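Chains as they are written, first to last, in our numbering: chain A, 3 to 211; chain B, 54 to 819.
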């Protein structure tokens with residue numbers, strides 16, 4: 003009887019134990035709670051998700067209060083907002099959420115439908131799910147998932163193959179479209195599913211160029 | 054009587070005049086508070102007249118401008134100027150479907166408009182039009198602070214009531230003295246955009262009028278943008294251009310350099326030059342024992358460019374690794390370190406080493422006499438008192454005076470330099486096929502640093518393909534670039550239903566020592582082990598050993614790309630441009646991938662790459678956004694950590710570090726704790742991978758992981774008890790981050806050009 007009661011409890015606790023706190027968050031918390039003479043005490047981290055809007059005003063969305071660091075940069079395809087989350091237990095990669103606005107000025111522009119097909123194109127060790135639509139604040143998002151086997155890190159150290167997972171959402175906005183992608187290890191991608199969906203639902207275009 | 058009364062009244066009125074004037078708002082006096090050129094241009098171009106007595110007269114309103122109104126007026130006029138420029142630009146751009154389809158003439162027109170109005174553009178329009186300018190131009194333009202950008206009727210506050218003379222009329226207008234002292238005006242103008250001289254005139258006036266920050270120019274690195282090369286995929290090799298037009302922008306830079314003697318002379322007269330003070334390295338002493346067992350035979354160096362065909366490039370080829378293809382059956386000798394070059398060979402009689410080819414008598418050029426080097430970073434010293442004041446930052450190290458090296462000089466150096474035929478072939482190939490944007494640095498690094506290039510996987514550190522090392526204890530020693538001849542790997546089964554996958558391991562014993570475990574006793578890592586068979590697989594000609602370990606082989610073409618990346622990273626480090634490891638690696642990686650893409654385009658195949666590099670190149674070409682996202686995810690992981698998630702790219706890092714100064718001790722503590730935790734997490738993660746692959750005994754892995762955790766905990770405790778000292782302000786780092794930001798811009802631009810070129814080809818195909 004006891005084991006029957008404990009089993010569900012154990013199962014319920016498993017995801018929490020699988021997703022240990024990121025080492026970076028731990029370091030930040032430790033530094034924040036250390037008493038240092040003459041230094042201002044930092045504000046306590048917020049409990050609820052915080053609104054975020056990049057300098058380019060590409061969009062507005064909510065971010066988890068801790069553990070996700072956002073910044074914006076310009077790459078060859080245009081402006082991209084990267085939101086880096088927790089590190090994988092293997093240390094090989096960090097969960098990464100990115101938002102791009104693809105328009106005609108992008109050098110790799112393709113209409114949304116073709117772009118989705120291109121992204122879903124399979125290959126050795128690469129598979130994609132069907133596209134499903136979901137209504138969010140920014141419009142009708144086409145969501146699919148990609149799994150791929152890649153060796154990471156490819157440059158240094160012990161390099162072994164790893165199953166990667168991507169949540170991809172394409173949100174048309176006229177001729178242009180947003181591409182929101184969450185990259186993580188397949189072994190723990192479900193840990194980020196709710197985060198991804200909540201972020202997606204809170205995403206709203208502000209003043210896209 | 055009436056006349057007398059009228060006269061008295063007139064006199065009374067005249068006498069009352071000054072009194073009335075004194076009670077009205079003070080009229081702006083341009084003599085007391087001189088206006089700069091931009092303000093004059095704004096006023097005189099919009100119906101105002103600056104009279105000789107200093108009054109600014111509104112010709113339409115027929116009134117003098119008051120002192121209080123002047124800031125608002127200037128802000129409004131600047132806003133109108135900005136709006137007019139944006140409308141004109143919009144008129145040009147909207148003629149096309151996409152901005153990238155602008156004709157060169159219209160692009161130039163946009164450039165002129167932007168340049169002329171740059172000073173009144175704020176952050177957003179500046180960012181929008183950055184892609185129209187080269188990095189050198191941006192460097193100059195960025196020195197122009199935005200004026201009147203945040204000035205609006207809402208945010209404007211009343212000017213102080215005190216003397217107008219002490220305060221400039223507008224928030225940014227400067228008196229002539231300050232204008233004359235502005236360093237920008239006195240700068241040697243490293244960038245002279247040749248295409249828009251007339252448009253540059255008002256902008257130049259604006260530049261001269263603003264209080265620009267002193268930002269050392271990036272002259273050693275920057276070359277003309279790669280725009281001058283029309284296609285990075287030219288099928289035929291471009292004829293060697295004349296030396297003069299090869300570096301149109303670099304030439305004036307060299308002339309403006311305060312140390313013209315640092316210009317590397319052409320190799321011809323070098324023979325008579327003084328010998329360098331660099332110590333003589335044991336050039337031919339690199340492990341020589343195995344050489345006799347397996348002499349390395351370099352095939353003829355290709356003087357012609359890469360031709361189509363299965364084996365277009367063959368230089369320094371390992372017998373087990375046929376050039377440019379992995380599919381050819383060949384016997385596989387044991388791995389031996391191969392010396393590609395012995396750069397500091399003594400200038401005596403020819404040095405002959407068995408199996409290494411003949412190293413010619415060679416004297417380094419004068420420019421390479423003392424390889425400039427970046428001073429090692431001073432370690433942060435922990436102090437007992439956390440917030441103890443720290444002495445002012447030492448002056449930033451003097452950047453090395455490095456002269457530009459022309460294409461002809463580079464070729465001559467390669468022909469007459471110390472490298473043997475294999476090394477020469479690789480360097481020639483890089484000189485011809487590397488992307489244009491990285492060529493100046495590549496040439497400077499090769500000619501200036503004369504790196505020693507060896508093929509030895511045990512000297513690449515934790516890197517799997519190539520790495521470079523600089524001897525910090527002996528800064529005069531030449532840097533070493535080590536290339537791995539092939540990967541060492543074992544094949545393991547992934548999961549219950551998974552396939553068999555290769556797990557690659559580093560060869561360096563130090564990499565294993567850092568992990569806390571001893572290097573596995575794999576036969577593939579032993580020099581005296583003999584393979585039981587050879588096979589051609591994904592990893593090229595592969596030797597299979599009795600214990601199941603394998604050693605593959607990288608093609609020489611792939612190694613050329615790896616060498617390019619390492620040379621560029623070395624060059625960036627030498628010239629102090631590695632403040633942001635992320636930017637430096639991104640820049641060098643872009644060059645490598647463009648190099649590979651070019652070879653792939655020319656040979657119509659990519660089988661000269663190993664499976665990982667092939668997947669990387671295909672992803673970069675076909676799914677660029679996905680590839681970049683994955684790269685960022687991996688580079689921010691604890692095992693690589695080129696991209697600090699808290700800091701981000703250089704520009705964001707600069708903002709972050711500026712903000713952190715408010716609580717510098719806590720920030721320093723957080724940095725130290727984060728780095729400590731990262732090391733621990735990386736070790737544990739890597740040990741876990743090793744244990745899963747069966748390369749390390751699970752007990753040993755567990756012990757090492759526990760030791761890593763204990764070490765991390767102890768250090769964390771020590772850091773909390775004695776937080777690191779508040780780091781002093783470091784202007785060199787700020788400058789380094791700004792330059793790193795420019796590096797990213799340059800790489801982005803080059804990649805964008807390539808992608809636009811590819812998109813053009815695809816559209817034509819449709």
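Note that beta-carbon positions come from the ideal geometry of N, C-alpha and C, so glycine has one too. Being a predicted model, the structure only gives us computed values, none of them experimental.
Can you pull out the residues from the region 538-549 of chain B whose beta carbon lies closer than 7 Å to at least one beta carbon of chain A? Only 547 from the region 538-549 of chain B bring a Cβ to less than 7 Å from some Cβ of chain A.
Indicate whether at least one CB of chain A lies closer than 7 Å to the CB of residue 618 of chain B. So no, residue 618 of chain B is outside the interface.
Is the region 640-649 of chain B close to the region 696-704 of chain B, with three or more CB pairs under 8 Å? Taking 8 Å as the limit for Cβ pairs, the verdict is that the region 696-704 of chain B does not touch the region 640-649 of chain B.
Spatial neighbours of residue 107 of chain B in its chain, beta-carbon cut-off 7 Å, leaving aside the 5 residues before and after: Residues 82, 83, 84 and 85 of the same chain have their beta carbon placed closer than 7 Å to that of residue 107 of chain B, with the five preceding and five following residues left out of the count.
Test: residue 148 of chain B CB closer than 7 Å to a CB of chain A: For residue 148 of chain B, the closest Cβ of chain A is not nearer than 7 Å.
Residues that residue 773 of chain B contacts on chain E, provided the C-beta gap is smaller than 8 Å: Looking at the structure shown, chain E is missing, and the protein chains on hand are A and B.
So, for residue 131 of chain A: in the same chain, excluding its five sequence neighbours on each side, which residues have a beta-carbon less than 7 Å away from its beta-carbon? Within the same chain, residue 131 of chain A has close Cβ partners 146 and 147.
Mind pulling the chain B residues with CB within less than 7 Å of residue 29 of chain A? In chain order: 723, 726, 727 and 730.
Listing by chain order, which chain B residues have their CB less than 7 Å from the CB of residue 201 of chain A? Those do not exist, as residue 201 of chain A stays about 15 Å from chain B at its closest Cβ, beyond 7 Å.
Neighbourhood of residue 298 of chain B by C-beta distance below 7 Å, restricted to the same chain and skipping five residues each side: For residue 298 of chain B, the predicted structure reports a pLDDT of 35, less than 50, and the residue's modelled location is therefore unreliable. A value from the coordinates is still provided. Excluding positions up to five away in sequence, the list is empty.
Along the chain, where does the beta strand (DSSP E) containing residue 146 of chain B start, and where does it finish? Residue 146 of chain B -> not in any beta strand (DSSP E); alpha helix (DSSP H) instead, spanning 122-146.
Quick one: grab the DSSP three-state call for residue 590 of chain B. Secondary structure at residue 590 of chain B: strand, using DSSP grouped into helix, strand and coil.
Using three-state DSSP, classify residue 1 of chain A as helix, strand or coil. Any question about residue 1 of chain A goes unanswered here, given that chain A covers just 3 to 211.
Check distances from the C-beta atoms of the region 72-89 of chain A to those of chain B and list, in chain order, the residues that come in under 8 Å. So the close ones are 73, 74, 75, 76, 77, 78, 79, 82, 84, 86 and 89.
At least one CB of chain B closer than 7 Å to the CB of residue 153 of chain A: is that the case? Taking Cβ atoms only, chain B reaches closer than 7 Å to residue 153 of chain A, which makes this a yes.
By how many angstroms is the C-alpha of residue 793 of chain B removed from the C-alpha of residue 710 of chain B? Straight-line Cα distance between these residues: approximately 15 Å.
Neighbour list for residue 690 of chain B in chain A, Cβ cutoff strictly below 9 Å: The answer, in chain order, is 89, 90, 92, 93, 94, 95, 96, 154 and 155.
Which residue's Cα is closest to the Cα of residue 137 of chain A: A:195, A:173, A:32 and A:114? The residue among A:195, A:173, A:32 and A:114 with its C-alpha nearest the C-alpha of residue 137 of chain A is A:173.
Give me the Cα-Cα distance between residue 205 of chain B and residue 174 of chain B, rounded to the nearest whole angstrom. Residue confidence for residue 205 of chain B is low, a pLDDT of 42 falling below 50, so the modelled location carries little weight; the figure read from the coordinates is stated next. Distance between the alpha carbons of residue 205 of chain B and residue 174 of chain B: 14 Å.
CA-to-CA distance, residue 130 of chain B to residue 95 of chain B, given in whole angstroms: Here the alpha carbons of residue 130 of chain B and residue 95 of chain B stand approximately 6 Å from one another.
Name the two residues that bound the continuous alpha helix (DSSP H) containing residue 636 of chain B. For residue 636 of chain B, the enclosing alpha helix (DSSP H) covers residues 634-656.
Using a Cβ-Cβ cutoff of less than 7 Å, which residues in the same chain neighbour residue 67 of chain A once the five nearest sequence positions on both sides are dropped? Only 47, 48, 49, 50, 51 and 52 meet the Cβ criterion.
Which runs of the alpha helix (DSSP H) fall wholly inside the region 479-559 of chain B and span at least 4 residues, in chain order? Correct list: 492-502.
Closer than 7 Å, Cβ to any Cβ of chain A: which residues of the region 493-522 of chain B, in chain order? Those residues of the region 493-522 of chain B that come within reach of chain A (Cβ to Cβ, closer than 7 Å) are 515, 516 and 517.
Counting only beta-carbon separations shorter than 7 Å, does residue 759 of chain B have a partner in chain A? By this cut-off, residue 759 of chain B is not an interface position.
Got a sec: which bits of the region 796-813 of chain B sit with their beta carbon under 7 Å from any beta carbon on chain A, in order along the chain? Cβ contacts with chain A come from 801, 804, 805, 808, 809 and 812.
Roughly how far, in whole angstroms, is the beta-carbon of residue 60 of chain A from the beta-carbon of residue 27 of chain A, given that I think they are within contact range, below 8 Å? Between residue 27 of chain A and residue 60 of chain A the Cβ distance is about 26 Å, and since that is not below 8 Å, they are no contact.
Residue nearest to residue 624 of chain B in terms of C-alpha spacing, selected from B:558, B:524 and B:499: Taking only the C-alpha atoms, the option nearest residue 624 of chain B is B:499.
is_contact[residue 152 of chain B, chain A] using C-beta, thresh 7 Å: Judged by the 7 Å Cβ criterion, residue 152 of chain B is in contact with chain A.
Would you tell me roughly how many angstroms separate the C-alpha atoms of residue 140 of chain A and residue 200 of chain A, rounded to the nearest one? Between the alpha carbons of residue 140 of chain A and residue 200 of chain A lies a distance of about 13 Å.
Indicate whether at least one CB of chain B lies closer than 7 Å to the CB of residue 163 of chain A. Interface flag for residue 163 of chain A against chain B is set, since a Cβ pair is found closer than 7 Å.
C-alpha gap between residue 6 of chain A and residue 580 of chain B, whole angstroms: Legend: pLDDT at residue 6 of chain A = 48, less than 50; position of this residue unreliable, value from coordinates given subsequently. The straight-line gap from Cα to Cα measures roughly 58 Å.
If you pair each beta-carbon of the region 511-518 of chain B with each one of the region 153-164 of chain A, do three or more pairs fall below 8 Å? As far as the Cβ criterion goes, the region 511-518 of chain B touches the region 153-164 of chain A, which means the pair count is three or higher.
If you measure from the beta carbon of residue 703 of chain B to each beta carbon in chain A, is any gap under 7 Å? No, because no Cβ of chain A sits closer than 7 Å to the Cβ of residue 703 of chain B.
Under 7 Å between the Cβ atoms of residue 522 of chain B and residue 533 of chain B? Taking 7 Å as the Cβ cut-off, residue 522 of chain B and residue 533 of chain B qualify as a contacting pair.
Own chain partners of residue 62 of chain A with C-beta closer than 6 Å, once the 5 adjacent residues on each side are dropped: Here residue 62 of chain A has 55, 206 and 208 as same chain residues with Cβ atoms under 6 Å from its own Cβ, once five neighbours each way along the sequence are excluded.
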